[in-house]
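Heads up, the sequence shown is in the numbering used here, so the first residue is 4 and it goes up one at a time.
C-beta: ideal position from N, C-alpha, C; glycine also.
Here's the structure we're looking at; comments come further down.
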Amino acid sequence: MAWRSSGATNAALVENMARNGLITSSRVKQAMLRVDRAHYTEQAPYQDSPQYIGHLATISAPHMHASACESLLPHLQPGSKVLDVGCGSGYLTHVLAELVKPDGKVVGIDHIQPLVDLSRGNTRKSTAGLDLLRSGAIRYITADGRLGWKEEAPYDAIHVGAAAADFHQELIDQLKAPGRLFIPVEEDQLQHIWVIDKDERGVITRSKEYGVRYVPLTDTPKPEH
Ligand code: SAH
Numbered sequence: 004m005a006w007r008s009s010g011a012t013n014a015a016l017v018e019n020m021a022r023n024g025l026i027t028s029s030r031v032k033q034a035m036l037r038v039d040r041a042h043y044t045e046q047a048p049y050q051d052s053p054q055y056i057g058h059l060a061t062i063s064a065p066h067m068h069a070s071a072c073e074s075l076l077p078h079l080q081p082g083s084k085v086l087d088v089g090c091g092s093g094y095l096t097h098v099l100a101e102l103v104k105p106d107g108k109v110v111g112i113d114h115i116q117p118l119v120d121l122s123r124g125n126t127r128k129s130t131a132g133l134d135l136l137r138s139g140a141i142r143y144i145t146a147d148g149r150l151g152w153k154e155e156a157p158y159d160a161i162h163v164g165a166a167a168a169d170f171h172q173e174l175i176d177q178l179k180a181p182g183r184l185f186i187p188v189e190e191d192q193l194q195h196i197w198v199i200d201k202d203e204r205g206v207i208t209r210s211k212e213y214g215v216r217y218v219p220l221t222d223t224p225k226p227e228h
């Protein structure tokens, strides 16, 4: 289904995903219409497939971005606070910021400095993105995202854009009650999306969703000499 959603423009891509049932929420559709993927990858921006963005990273496929937004949606309200781990191109960070407008905040975190610079540079390409950066509604941080980002915690929603080796208790600890974590986890060389919910009383439930292929969530690369 995914490949059939590609389009010649951003609007065509989003409309095709909606027609193919990959986007069901009008809020997600509107947010994805407002963020032009061409600002986040020059390579085949309107194809429903991942694209290489350098430093062993990829911008995820549009249908994965849509799925993450739809899953986190109950926790993406005006004023919500979100952590986007492995922000890479910055695309999803921007879409998430559109979903928590007004008064919301998204912290995008990546451990590779050039990718944090890429995220910031890409977000600045549109007036809307520039406004979100200037107002502090989007903040990009260079750090190991497996530890979350305590300074801004707790979060209504946490998205992880790379495959983790485990559930990372630090991330679960930094969820609000209620809050939701969307995380690809690798087990026996197979990756699945897991949705982890913390309810009002702090009770955690985990749900294993569908199989995926993400780049790994790794140790921070050593600086080159
Ligand atoms: N959501 C991004 C996905 C980028 S690929 C997008 O669609 O553009 C996954 C990203 O995770 C890469 O940018 C990689 O640098 C980052 N990453 C991997 N391990 C990490 C870690 N420990 N901490 C923070 N970022 C990490």
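Could you spell out the range, first to last residue, of the alpha helix (DSSP H) harbouring Ala131?
-> To locate residue 131, count along the sequence shown from 1; it is residue 128. Here the alpha helix (DSSP H) through Ala131 covers Thr130 to Ser138.
Indicate whether His97 and Val38 have their beta-carbon atoms separated by less than 8 Å.
-> On the sequence shown, position 94 is the one that residue 97 refers to. On the sequence shown, position 35 is the one that residue 38 refers to. Cβ distance < 8 Å, so His97 and Val38 count as in contact.
Residues bridged to Tyr158 (per DSSP) = Along the sequence shown, read from residue 1 onward, the residue named residue 158 stands at position 155. Its beta-bridge partners are Leu178.
Thinking C-alpha only, which one of Val119, Leu76 and Pro65 is nearest Ser29?
-> Position 26 of the sequence shown, counted from the start, is the residue given in the question as residue 29. When each option's Cα is compared against that of Ser29, the closest is Leu76.
For the ligand SAH, any of its heavy atoms closer than 7 Å to the Cβ of Cys72?
-> Counted from its first residue, the sequence shown places residue 72 at position 69. It does not: the Cβ of Cys72 is nowhere closer than 7 Å to a heavy atom of the ligand SAH.
Do you know how far the Cα of Gly24 is from the Cα of Met4?
-> One-based indexing of the sequence shown puts residue 4 at position 1. One-based indexing of the sequence shown puts residue 24 at position 21. With a pLDDT of only 49 at Met4, under 50, the local geometry of the prediction cannot be trusted, and the value read off the model is given with reservation. Rounded to whole angstroms, Met4 to Gly24 spans 9 Å at the Cα level.
Thr126, enclosing beta strand (DSSP E) - first and last residue = The count along the sequence shown starts at 1 and reaches residue 126 at position 123. First-last for Thr126: Gln116 to Thr126, but that is the alpha helix (DSSP H), not the beta strand (DSSP E).
Where does Tyr217 sit, in a helix, a strand or coil, going by DSSP?
-> By one-based count along the sequence shown, residue 217 stands at place 214. Here Tyr217 sits in coil by DSSP.
Please find out if some non-hydrogen atom of the ligand SAH comes closer than 7 Å to the beta-carbon of Asp113.
-> Walking along the sequence shown from the start, residue 113 turns up at place 110. It does: the Cβ of Asp113 is within 7 Å (strictly closer) of some heavy atom of the ligand SAH.
Apply the 10 Å Cβ neighbour rule to Ala14 and answer buried if 16 or more other Cβ atoms are within range, or exposed otherwise.
-> Translated into the one-based positions of the sequence shown, residue 14 becomes position 11. Exposed.
Residue range of the beta strand (DSSP E) that Val85 falls in?
-> By 1-based counting over the sequence shown, the position of residue 85 is 82. For Val85, the uninterrupted beta strand (DSSP E) segment begins and ends at Lys84 to Val88.
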